[in-house]
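If you read the protein sequences in the order shown, they are chains A, B, C and D. If you use my numbering, the first sequence closes out at 892, no skipped numbers anywhere. If you use my numbering, the second sequence closes out at 892, no skipped numbers anywhere. If you use my numbering, the third sequence closes out at 892, no skipped numbers anywhere. If you use my numbering, the fourth sequence closes out at 892, no skipped numbers anywhere. Each residue gets a CB set at the ideal place from its N, CA and C atoms; glycine is no exception.
Protein chains: 4
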Amino acid sequence: MVAGAGGKSGEPSEKVLARIRRQLKECAEGLGGEVSTRLRAGRLAETYLSLDDAGRIAFLRMIALEFGPDPKRIAKAHEAYQAAVGTERQWDAEAQLRAAMRSSRIRILTQFNAIPQGVKFLVDLRADLLRFLEKDKELKSLDRELEARLTAWFDVGFLELTRLTWNSPAALLEKIVQYEAVHEIQSWRDLKNRLGSDRRCYAFFHPRMPQEPLIFVEVALMEDLADNVQKLLDENAPAADTDRATTAIFYSISATQEGLRGVSFGNFLLKRVLDDLKRDFPKLNTFATLSPIPGLVRWASKHPDEVAAAFTETDWKRLAAIGIEGPDSERLKPVLAGSHGWVADRPLARALRDPLLRTAAAYLLGGRRDSKAIDPVARFHLGNGARIERLNWLADTSDKGLDQSWGIMVNYLYDPDRIVTNVETFAASGEIDAAAGVKRLARR
Amino acid sequence: MVAGAGGKSGEPSEKVLARIRRQLKECAEGLGGEVSTRLRAGRLAETYLSLDDAGRIAFLRMIALEFGPDPKRIAKAHEAYQAAVGTERQWDAEAQLRAAMRSSRIRILTQFNAIPQGVKFLVDLRADLLRFLEKDKELKSLDRELEARLTAWFDVGFLELTRLTWNSPAALLEKIVQYEAVHEIQSWRDLKNRLGSDRRCYAFFHPRMPQEPLIFVEVALMEDLADNVQKLLDENAPAADTDRATTAIFYSISATQEGLRGVSFGNFLLKRVLDDLKRDFPKLNTFATLSPIPGLVRWASKHPDEVAAAFTETDWKRLAAIGIEGPDSERLKPVLAGSHGWVADRPLARALRDPLLRTAAAYLLGGRRDSKAIDPVARFHLGNGARIERLNWLADTSDKGLDQSWGIMVNYLYDPDRIVTNVETFAASGEIDAAAGVKRLARR
Amino acid sequence: MVAGAGGKSGEPSEKVLARIRRQLKECAEGLGGEVSTRLRAGRLAETYLSLDDAGRIAFLRMIALEFGPDPKRIAKAHEAYQAAVGTERQWDAEAQLRAAMRSSRIRILTQFNAIPQGVKFLVDLRADLLRFLEKDKELKSLDRELEARLTAWFDVGFLELTRLTWNSPAALLEKIVQYEAVHEIQSWRDLKNRLGSDRRCYAFFHPRMPQEPLIFVEVALMEDLADNVQKLLDENAPAADTDRATTAIFYSISATQEGLRGVSFGNFLLKRVLDDLKRDFPKLNTFATLSPIPGLVRWASKHPDEVAAAFTETDWKRLAAIGIEGPDSERLKPVLAGSHGWVADRPLARALRDPLLRTAAAYLLGGRRDSKAIDPVARFHLGNGARIERLNWLADTSDKGLDQSWGIMVNYLYDPDRIVTNVETFAASGEIDAAAGVKRLARR
Amino acid sequence: MVAGAGGKSGEPSEKVLARIRRQLKECAEGLGGEVSTRLRAGRLAETYLSLDDAGRIAFLRMIALEFGPDPKRIAKAHEAYQAAVGTERQWDAEAQLRAAMRSSRIRILTQFNAIPQGVKFLVDLRADLLRFLEKDKELKSLDRELEARLTAWFDVGFLELTRLTWNSPAALLEKIVQYEAVHEIQSWRDLKNRLGSDRRCYAFFHPRMPQEPLIFVEVALMEDLADNVQKLLDENAPAADTDRATTAIFYSISATQEGLRGVSFGNFLLKRVLDDLKRDFPKLNTFATLSPIPGLVRWASKHPDEVAAAFTETDWKRLAAIGIEGPDSERLKPVLAGSHGWVADRPLARALRDPLLRTAAAYLLGGRRDSKAIDPVARFHLGNGARIERLNWLADTSDKGLDQSWGIMVNYLYDPDRIVTNVETFAASGEIDAAAGVKRLARR
């Protein structure tokens, strides 16, 4: 794409780096007016796209390290600011300090916005940046500035809620298939079923990325709290009668843009979908999820004591009856590690039900990191004000479901009357709202 | 609207101020999660709208002065930053300092975005702020933060260029009538004429203010450089044959949102309109304006020497021939001050032509403020790379035209081959590109 | 447009007629396939547009008289048909007779559909035809065939009901101004008032004439039955509170396309508007018009006895008291003839109220032509199932209102419970549904 | 759906028939005004949909036989018409005769248009009618009237040409998959390939059947005349560079609505697609099809002499060399009857190439029915002005391709300079335009 863009597969030569540096400078200085600056930035964006990872790291490091603010100017402005604190000059001095802090980095990046698909370009560039950041902490300041800009651009006030249906463009639905992160979409038939008359699918879009759903949620309208995801996704099941639906089940939520990490809009999506559903189906009175517990088995393998504590004497008796003698049984170990075959062994599955549900409850209610719930999905919903309503045994018997949580799924319930309190309590103390039945399971 | 919002006409009582303060704090802290924070901000926005100016000043001062960053935290972060300069910790330290600088002000303001028409609300709030700022410098820091946010939101990458025609919604065209700032639109018939087959009208829109043109330009397609705006706006003139058009005249450019002062997109508008016109009419080879000179008469009244220098002996002879004896003539004075009647006196008008054109040239090429061209319209076009191509005598004989520039108008020419150079030269040295004829006029 | 299209102002020469004849034949025969036939028809349509009336008459007569069916072929098919009646061959024979009747006229006309705006072209051609038909009965067969085709094309199933608002394209609203046939729209401000929050305006469109409203109705949402159209159209009156509206007043209905005479869709418009209003404003319980009585004064001038019978002795006494002595009074005559000034004479106006309302009632309930109500507006509404609910004195004091009906207007009420019965009764016997008060007025 | 709609599975009882008859009469008479008539017709349409075939036949026969015109009235009007022929009363008399012929059938059918999806309902009803007509000739008159009305409604002037892309609604693309009649679409991936950057797909739509493509064509942009459909449909082949494309291959044309038989718009589709392609790709100079020969093998099996004549002595020698001795060979017979395996036998395939291509040429150029080309696809393209450009051996080796034409396909070429002449010649004399090479093949 870019002649002479570099040695092997896109890594830039010294000569190319020098050219890039010169162009970045011109962008930063704005020579030739905004219009030609943007044109130049457009060419730079193309250069970036033609580079391999090593080249991109060099490119981004150049922006991060060479176009930051001037420490001396900051020092001076800071001194003036501190001297003005408490006087009426404080506010002007603050503005001066802020001006001194302003770097050319964001100016350069923003100008990339000029190419077609410019916003998507910057979101993808941020995804690169996050990847590189793991090894190269010096990119952090650049990442923070870009995150702040993307946060401004992706303010929920700008997002459009769109309902996706079987009448949506095929190219868009194809993206839903690609981006679905919770329960893989197997085929167009599977997809059509998820857009049937008893289903809803909503996505947030940004006006400048009209072809890219940012986050989407799939909803089933039902008469009861769903307890099994395979049943829910069964293509051969008849569509439910939505006139009788009382319950909306959010069974899949997928964020799609890695580059928007830290820019949150999931809770708004749920809020607005909820409003939309209530308007269309006034009888709906229950809003809940049917959610995976992605970290359960992994956690269990690291906390054998917690698992052991979940098995009562009655449990062991039942297990002994089918030939499993104690925690070291060679039949039990692979189950706990997330193997699959045991589900078909119905007596075994029945005997494991109670202790594994107890383990799951202990994990959800007790597992902590930084005093937050340890499970990422739990953290998302509890942070949004949900409560843990019910655990469901053998609710997802796909390989993935057995791998990560022995097939257990959880219903998080959004009760409009409790959401605000829950958000505050969870934020303040990490305390988790859960139904009595779930708490009882967790107790031992 | 807001019960108990205050004493007379919207000024808030102490009690109301206390309530506002409490709500602002809740917004800033984000208690109850993003959703309920936004709801609260929505209510606050309504409160703001119900206040009178005194109330609004109190409201904005509260945000400006009480929700700024903490000087002590800044001092600490700054110390760490300066210590890290030159080490690899510099970039992380910079991010920390930036975090310390982050104020709650912008967070609060951004949340107002949640109300319907939220973007428009903030743009109008900025217009208030600019008004109040003239007397109250302590609002400056808040204004700068808001300007930065609006600059991010109104990045030209987000703006949509739309062609307005007689098929556009009447409600939108009505706004064009209201916002037209250069040559007032007299009636719907006048408007329809400006949207005729030999005209074009383009506007920039923001996706979240779909009913509000941000800036718009009116263009006439002609065979020659236009020299008279009344002729150009004549509703009874037949439409020109666009197949023969070689010249696009930008005869009116109006920015509409006071609250977006400092957020520039005028040059982009011209650039994109130019591209659009070239695609539709490949024969076009000249792009120019027919522009007012708003500051000429005012400047002349303050610089009598410059005016005097523009009158040659020949001029005085010609004037003497019609009974005007020297600069103190009682017939000349009101003319120079911007009176109207003299235009009908054709011998007088003929005698004044040369000296007044010379004065105009002197003003445009010589008048300076901060080494920039003094005329605001000239500054806009020269900054965008145009050149002063021609001065036109009696080109706008409306009262307004005579008031501000003795009816003189100017063609600024956008020559694609010179734009970049002009922008750079003008930016670097303030040097102005002008046609030989104009320079000659200015020479004495 | 057409070189050599003829002598003066478009009348075709013999040579041109011969060329037209040849082209019509080619169209009728379909030589060169459908595509080139349509191209040829397109050129013919252009020729037609370039002709003056005399030329167009010649053109249409040529189609009417030279491209009809073959009487001999009809005779033969008719004989076979009659012979087959009662046998199972009857239906095939009917199809054969129908085939023999098929003329090339409609084939030619339909092909004009190929030009852009083809449907509008044919509708306008029909308007020409109707005009010419008044003098030239030989065009009748052509007119009937075209009417049948237009009836098929403008089947209400194809029409789209569109609500017009201040956000509709200005070009479309301009047409509303032009086409309004009942209460002239004075200005864009007047128009905007008719599209205000307490108003509705609906139009029917055909998918192939997207810029042309076929018929439109203006509605006011009120708390009472409207009794005065000037009040209703007052631009300075505040908008009513639609939350309290119980009554929808259809105060203006205008059909726009002369060429669609005989193709009725007015009743469907009312039906669909009614449905739309009921959905948006569930509190609405009264649907009525405020209608003119266009034929009243004209009828009265031809039926002096009916007028005389409407004056009671009490009326004459009241008139005498203000100096008017009997029917031959020179002050009374011009009033009855539709003069204007008397309205300002309030005692006179008061004295005339009862006898003139009685005359109006007599006209509406008693005046007949072909056993149908004589007033065209009455015929439209009564035929659609309305009843005469109330007469309103000085309800339209515009010149037009005084000219045609002494300022009297009528409310036709659409009562969902009576519509079907009314339609049937009116169609069968011409019997008119009217409120007791109106009947009482008519009785003497 | 309809209570008491009849005995088994929808056949109507006498009682139901009586009710239907009564409702049809009410429709025909229009009692209660247009609005209630339409409502009634809507209910009748629902009744129709609830009936089985026997019920529908009864229903349609009732309309056909009981709502036709009155033979006596026709006789009288016919007598008056014949008497008026040659006088100026002829044209009025013709209109009278036409009025007498008008039946209530079409009025009833048209009113079905009132239900949602009314147009689609009538198209499907016509499909029923065509099916029943094969056995019940008495329905013919009804069919002809309905065909005439559908012809009016589906005039090409009303149809909208739409380009279908991967951004079209999935529900619409699904219909393309269902309706594709030439080369079955195997999967969404296959479909996406047919909508790729080097492909075009166009469909005609009627404004009242927005979800139903009436006819669609698939086009490939190439550098040469395509000679193999499997290659053309290969999902793994890279997209061609459309900048270099000179040739547009129409490789699939499918009409979708059985009920529109006799209403032709295929030629218009090709014409408009051609125009659209020429605008988008000015370099295109060749427009041709790659078409199947659906009747070849069937025809060959009935004309063994024609097949025998296509084998030269050289052919027999080549066949003898691989062990096939004469026309009665047991290895040759199944090939000629359309078996599949032989394609893999490359020496055999090579030996059969010439004689079978000769047979195909003989079929296309010589096979006749009613002096028209016998192959339906040939008839369509030749009637539209195409010429037979080239025969392609093993161009479609799918089972279907081998079954119907030994895998042979044909390129019909649309040469803008010859289309009109070809249409006329073919229409007048049935003479077929073919390339020299094809004619040579046919000669023996």
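In the structure shown, residue 602/B adopts coil according to DSSP, grouped into three states. In the DSSP assignment, residue 653/D is bridged to 608/D. Contact between residue 839/B and residue 874/B is absent: CB atoms are separated by about 19 angstroms, not below the 8 angstroms threshold. The shortest C-alpha to C-alpha distance from residue 640/A to any of 542/A, 687/A, 654/A is the one to 687/A.
Excluding sequence positions up to five before and after residue 886/D, its CB lies within less than 8 angstroms of the CB of 809, 812, 813, 836, 837, 838, 839, all in the same chain and listed in chain order. The DSSP-derived three-state label of residue 624/B is helix. At least 9 angstroms separates the CB of residue 601/A from every CB of chain D. When CB distances to chain B are screened at a threshold of 7 angstroms, the residues of the stretch 613-625 of chain C falling below it are 614, 615, 616, 617, 618, 619, 621, in chain order.
Not a single C-beta of chain A is nearer than 9 angstroms to the C-beta of residue 707/B. The straight-line gap separating the alpha-carbon atoms of residue 599/C and residue 711/C is approximately 6 angstroms. Taking the Cβ atoms as the reference, residue 604/A lies roughly 14 angstroms from residue 650/A, outside the contact range of under 8 angstroms. Look at the stretch 624-642 of chain C: the residues with a C-beta under 7 angstroms from a C-beta of chain B are 636. Distance from the Cα of residue 788/C is smallest, within the candidate group 745/C, 656/C, 473/C, for 745/C. Using a CB distance cut-off of 9 angstroms, residue 507/B does not count as an interface residue toward chain A.
In this structure, the CA atom of residue 619/B is about 31 angstroms from the CA atom of residue 691/B. With a cut-off of 8 angstroms on Cβ pairs, the stretch 785-802 of chain A is in contact with the stretch 759-776 of chain A, counting three or more such pairs.
DSSP places residue 777/D outside both helix and strand once states are collapsed to three, so it counts as coil.
Residues 571, 572, 574, 575 of the same chain have their beta carbon placed closer than 6 angstroms to that of residue 707/A, with the five preceding and five following residues left out of the count. Chain order gives no chain D residues near residue 657/C, where near means a beta carbon separation below 8 angstroms; the closest approach is about 11 angstroms.
For residue 762/A, the uninterrupted alpha helix (DSSP H) segment begins and ends at 761-769. Nearest neighbour of residue 510/A by Cα position, chosen from 553/A, 624/A, 531/A, 489/A, turns out to be 553/A. Neighbours of residue 585/D in chain C, taken as residues at a C-beta separation under 9 angstroms, are given in chain order as 536, 537, 539, 540. When CB distances to chain D are screened at a threshold of 7 angstroms, the residues of the stretch 838-871 of chain C falling below it are 868, 871, in chain order. Within its own chain, no residue has a Cβ closer than 6 angstroms to the Cβ of residue 659/D once the five positions on either side in sequence are excluded. Per the DSSP secondary-structure output, residue 859/B pairs in a beta bridge with 838/B. Rounded to whole angstroms, residue 476/D and residue 556/D show a C-alpha spacing of 6 angstroms. Residue burial annotation: residue 462/D is exposed, with fewer than 16 other C-beta atoms found within 10 angstroms of its C-beta.
Out of 717/C, 563/C, 749/C, 508/C, the CA that lies nearest to the CA of residue 584/C is found in 508/C. By the CB criterion at 9 angstroms, residue 826/C and residue 870/C fall outside the cutoff.
Taken through DSSP and simplified to helix, strand or coil, residue 669/C comes out as strand. In the same chain as residue 506/A, and ignoring 5 residues on each side of it, the C-beta atoms closer than 7 angstroms to its own belong to 460, 465, in chain order.
The beta carbon of residue 610/D sits no closer than 9 angstroms to any beta carbon of chain C. Distance between residue 542/D and residue 562/C, taken at the CA atoms: about 28 angstroms.
Taking a C-beta distance under 9 angstroms as the contact criterion, residue 862/D and residue 718/D qualify as a contact pair. Cβ neighbours of residue 694/A within its own chain (closer than 7 angstroms, five residues either side excluded): 671, 731, 732, 733, 734. A straight line joining the alpha-carbon of residue 752/A with that of residue 804/A spans about 12 angstroms.
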